[in-house]
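Residue numbers (our numbering), protein chains in the order written: chain G, 3 to 794; chain U, 1384 to 1536.
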């Protein structure tokens, strides 16, 4: 078999089950004797809990139990944790409030979990939930990101609602650079709060086996191993070796299913306490209220430039809303995933980024597709666009002048970028977007009374998270390496285990393509197994575009070990030295001879190690039977995908409606394993990023009620919101992994918001915030024409 | 409670249902046809689309009791004799699905769309699928899949 799977458009192995309704998501699973759970959630953004009275509810038909913080304490169940310690610039450690799995004496956002009601049927659980009386003393809520530090403290122990005041870079040197600038360009921007909205709502089923004392949690997780670790080590629900977490088919995640939620902890614990399966399925409005949200930054930024367009320095001051509590990755998202990336792909000699993480009475904010990098990209790309305009330079030329051009490049903040060619992808994108004829198209639009604008976004991101040495020194509790196991079965087919999790990313196919090429076994004889802590080795899950760069590399390393062992066995069987054996296309061969063994023959031989009649043992002395290898891979560096996106919008000034008329992207993801799947990832990311720019917004009113808590109120992008995307690639392979891959899952969501917004601003000639809804655009256009006519 | 008789994926069914049971829950909980998904509670997402007497409907907005006497086809009933339906085949070929959660509803809507419009333009496909939300694909490959299946039904 030729080395042809890597780089091929292979149709997905996982499709058939999903297309025929045979996918098996958590909510599809029903266990014998299961009970049904409903969570009682706070209707208030901030309140003291005076009492919880479940006595009436417990008497209702079918009710099994109502559990609250009191029972949690009885069983010594720990609270939720923030997994990344951030130090403030004054040297103090970040301050986080306790985050109990069921609220004790206070609730801190609408949707905060107060109690769980468990009954024989779902309807009975719902009826009983209505009968539980929670007496609240309502307090004034802190809602605004911008004003959080000037508001009453939500937690006594956290003055000014300030979790951390983090500084990256050199403030004094940056000020110095600014003093030599011809122009200082300033911008105030908001990165709007989003709700991730994976189409499958979260769900959890706890199942306790009193005989084996094993606890199983089925859950909608991107990260079952980490869930098991956290729920056993920190929440102390059950010891890790008797606790199994299964994340079966998961219907999208986008970050929102990385972390174990309170509901996972409570459902697992309730099942153990009641010794009965407990099933909980989230409803969509409940999802809006209780899933972790994304983004929500308010930023002031300044760029120092010379007349010729050279960037001298950058200042970034951001307030990041963490919500009511610090979720698992909440503190790293607006710091280490954000700060280092504010430089974009530009050669900026000096910079600083100050981030103040604040608590408010809103849903916790955590990683959402891109996590920190979209916020950084939005900031720098909007600022660079403005700078080019202010000094009267073409926006593409301004970017080119400041691009990093030599690699490896040590940036002034954190990252050492191994490879790239930024001018190549920008030039290709300019061609594909037909930039040179933009003015003609603009004039044509104008002739129809429409405003046309073009916007650029040249971006970089740091993926393949994360090298342990780097991230643990920065405060992460664990390094984010990855595991793989290749298990040859005696009949010659292969079970591949990965610690990552596929919930749309197509690992079943891409990882099988890698193994197929490496070991020369047809793809249909390779099965990927993931999502069950009892099956494969411990792993770190899927997020941060890490699965291929880190998990795929672990697979490559395990394959290499298989080949090494296979060579020893083949050598013995062919009566040559292992050094005389080559491995190619699934065959161990002795060059210049007709001696060879297929990898299937070797696998079989490894499982039949003894001497049997005339047949001698195929195993050399000291070689163990069996053919199974495990590899753990800890990356040496992040990978750095980059690209150029160009958006053209057309705006109807009479209605404010903004249409994305063309969208072009040229990305450098390094080598591609399956271009069809990569394209799908780009499309999805673009839809989410364009959604952020034009449609989506999680809006809390001043009392902390989430006004946009359903698909009637939160505008999800639909099929008719988009043009056909134009896609191109350039390739500079990553040097940090043997596959040369960089990661592609988040790029679309990272690059597109500034591309769209720069186009909108270009069209209407005035600043506007995301989402650029028809109403906002109409007002901005009208305001501008009023000002103009007044001036006239 | 009401006893209902209906045909689901060609099988005659008689079941007793609560008055307030929606068709989606009936299919999932009482018939174990879990391919019909529930993605929202406001009839917006389209994950639960099935065919009721030959027309696509959101099965969350119909009571099971009201489906009495009807014929229902769910995603499980679309492929025949182990062979994928042309729309299912097209979704596979064009990578029109990722996590798979919206897929059953999307496919059922697409089949209905193509029944009513043999040769739809891209714009007609996009408008026609406006009632189905997909968070993964950005819709482009879904449009390509539907277009390629046009005329093959």
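The C-beta atom is built at its ideal place from N, Cα and C for all residues, glycine as well.
Bear in mind the structure is a predicted one, so any value in this text is a computation, not a measurement.
If you compare alpha carbons, which of G/371, G/699, G/729 is closest to residue 716 of chain G? Selected option, being the one with the closest Cα: G/699.
Between residue 1481 of chain U and chain G, is there a C-beta pair that is closer than 9 Å?
With 9 Å as the cut-off, residue 1481 of chain U counts as an interface residue toward chain G.
Would you be able to state if there are at least three C-beta pairs under 8 Å between the segment 438-446 of chain G and the segment 627-640 of chain G? Because the criterion of three Cβ pairs below 8 Å is not met, the segment 627-640 of chain G and the segment 438-446 of chain G do not touch.
Report yes or no: is there a C-beta of chain U within less than 9 Å of the C-beta of residue 36 of chain G? No, because no Cβ of chain U sits closer than 9 Å to the Cβ of residue 36 of chain G.
Item to complete: State the start and end residues of the unbroken beta strand (DSSP E) segment that holds residue 647 of chain G.
Response: It spans 644-653 - the beta strand (DSSP E) in which residue 647 of chain G sits, taken as one unbroken run.
*What's the gap between the Cα of residue 16 of chain G and the Cα of residue 180 of chain G?*
If I take the Cα positions, the gap works out to 54 Å.
Hey, how far is the Cα of residue 607 of chain G from the Cα of residue 229 of chain G? Going from the Cα of residue 607 of chain G to the Cα of residue 229 of chain G covers about 39 Å.
Helix, strand or coil: how does DSSP classify residue 360 of chain G here? Reduced to three states, the DSSP call for residue 360 of chain G is strand.
Are the beta-carbon atoms of residue 521 of chain G and residue 417 of chain G separated by less than 9 Å? Taking 9 Å as the Cβ cut-off, residue 521 of chain G and residue 417 of chain G do not qualify as a contacting pair.
Point to revise | Neighbour-count burial assignment, residue 412 of chain G, 16 or more Cβ in a 10 Å radius | key: That one is exposed.
In three-state DSSP terms, what is residue 95 of chain G?
Strand.
Between the alpha carbons of residue 306 of chain G and residue 414 of chain G, how many angstroms are there, rounded?
Going from the Cα of residue 306 of chain G to the Cα of residue 414 of chain G covers about 15 Å.
- Query: Does residue 252 of chain G have its Cβ less than 9 Å from a Cβ in chain U?
  - Reply: Contacts with chain U at 9 Å (Cβ-Cβ) include residue 252 of chain G.
- Where residue 89 of chain G sits in the DSSP three-state scheme: Under the three-state reduction of DSSP output, residue 89 of chain G falls in the strand class.
#### Entry: Contacts of residue 776 of chain G in chain U (Cβ-Cβ under 7 Å)
Result: empty, since nearest Cβ-Cβ is about 17 Å, beyond 7 Å.
**Prompt:** What residue from G/743, G/708, G/653, G/740 has the CA that sits closest to residue 778 of chain G's CA?
**Reply:** Shortest Cα-Cα distance from residue 778 of chain G to any of G/743, G/708, G/653, G/740 involves G/653.
*Provide the residue span of the alpha helix (DSSP H) that contains residue 606 of chain G, from first to last.*
Under the DSSP assignment, residue 606 of chain G falls in the alpha helix (DSSP H) whose first and last residues are 601-608.
| When DSSP labels each residue in this structure, what does residue 819 of chain G get in the three-state scheme? | In the structure as shown, chain G starts at 3 and stops at 794, and residue 819 of chain G therefore has no counterpart that could be examined.
Residue 95 of chain G to residue 362 of chain G span [Cα, whole Å]: Between residue 95 of chain G and residue 362 of chain G, the alpha-carbon positions lie close to 19 Å from each other.
Is residue 292 of chain G close to chain U? Criterion is C-beta to C-beta, closer than 9 Å.
Residue 292 of chain G does not count as touching chain U.
CB contact check: residue 1490 of chain U to chain G, cutoff 9 Å
Residue-level contact check: residue 1490 of chain U touches chain G, since one or more beta carbons of chain G fall below 9 Å from its beta carbon.
Is the CB of residue 1420 of chain U under 9 Å away from at least one CB in chain A? No chain A is present in this structure, whose protein chains are G and U.
### Rounded separation between residue 1448 of chain U and residue 366 of chain G - CA only
The straight-line gap separating the alpha-carbon atoms of residue 1448 of chain U and residue 366 of chain G is approximately 41 Å.
Are three or more beta carbon pairs between the segment 665-681 of chain G and the segment 160-172 of chain G nearer than 8 Å?
Taking a contact to require three or more Cβ pairs closer than 8 Å, the segment 665-681 of chain G and the segment 160-172 of chain G do not qualify as touching.
(Q) Using a Cβ-Cβ cutoff of less than 7 Å, which residues in the same chain neighbour residue 251 of chain G once the five nearest sequence positions on both sides are dropped? (A) Only residues of its own chain outside the window of five on either side were considered, and among them 25, 26, 27 have a CB closer than 7 Å to the CB of residue 251 of chain G, listed in chain order.
Host beta strand (DSSP E) of residue 728 of chain G (start-end): Start and end: 728-732.
How do the segment 1461-1478 of chain U and the segment 1400-1416 of chain U stand: do at least 3 beta-carbon pairs fall below 8 Å, yes or no? In short, these stretches do not touch, since the Cβ pair count stays below three.
- prompt: What residue range is occupied by the uninterrupted alpha helix (DSSP H) comprising residue 282 of chain G?
  reply: Per DSSP, residue 282 of chain G lies in no alpha helix (DSSP H); the unbroken beta strand (DSSP E) holding it starts and ends at 280-283.
Handout entry: C-alpha distance - residue 208 of chain G paired with residue 597 of chain G, whole-angstrom precision
Key = Across the structure, residue 208 of chain G and residue 597 of chain G are spaced so that their CA atoms are roughly 55 Å apart.
Open item on the list: Taking the alpha carbon of residue 117 of chain G as the reference point, which residue from G/622, G/123, G/133 has its own alpha carbon closest?
Closed with: Cα-wise, what sits closest to residue 117 of chain G is G/133.
With the cut-off set at 9 Å, would you say residue 487 of chain G and residue 555 of chain G are in Cβ contact?
No, Cβ-Cβ distance for residue 487 of chain G and residue 555 of chain G is not below 9 Å.
Subject >> Selection of the segment 691-713 of chain G by Cβ proximity to chain U, strictly under 8 Å >> reply: Correct list: 712, 713.
- On the DSSP bridge assignment, give the partners of residue 723 of chain G in chain order. Per DSSP, none; premise fails for residue 723 of chain G.
- Task: Please report how far the alpha carbon of residue 1444 of chain U lies from the alpha carbon of residue 30 of chain G, in whole angstroms.
- Result: Answer to the nearest angstrom: the Cα atoms are 20 Å apart.
Three-state class that DSSP yields for residue 168 of chain G in the structure shown | In the structure shown, residue 168 of chain G sits in a strand (DSSP, three-state: E or B).
- Which runs of the alpha helix (DSSP H), 4 residues or longer, sit entirely within the segment 202-278 of chain G? Counting only runs of 4 or more, we get 226-235, 264-276.
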